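Q: Shown below is the structure under consideration.
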Amino acid sequence: MVGRRNERRPIAEARRSQPLRPWQVRERCFNVRRRGLDPVEIRAFLHQVADELTVAQTGLRAVQEENLRIKNALRAWQSAQSANRLYR
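The end of the sequence shown is residue 103 by this note's numbering, with every number in the run present.
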């Protein structure tokens, strides 16, 4: 976890194949400009997005695990059906 807070990468670098993590959204830093946006408002929005991202990624993991369980059950059933046909 050390070093994440100081992580500043260009937006182009952020678009990589790995999914964006909630901590990356929460800890994203922006350059301050004289007439920029309210940093408190930005931080609150980033926390909201990170929380929603956490929920989405957790749900996705659950669906992927269920999908794997169903595939394995189907393979086992197909193998059992195939074995039953051989003995008829």
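Just so it is clear, CB atoms sit at the ideal spot from N, CA and C, and this is done for glycine as well.
Being a predicted model, the structure only gives us computed values, none of them experimental.
1) By how many angstroms is the C-alpha of Ser97 removed from the C-alpha of Arg90?
2) Starting from the Cα of Ala59, find the closest Cα among Cys44, Glu81 and Trp92 and give me that residue.
3) If you draw a straight line from the alpha carbon of Glu80 to that of Pro37, how long is it in whole angstroms?
4) Mind checking whether Ala71 and Val40 have CB atoms under 8 Å apart?
5) My output table needs one value for Asn87: the three-state DSSP class, helix, strand or coil.
A: For this structure:
1) 10 Å
2) Cys44
3) 21 Å
4) no
5) helix
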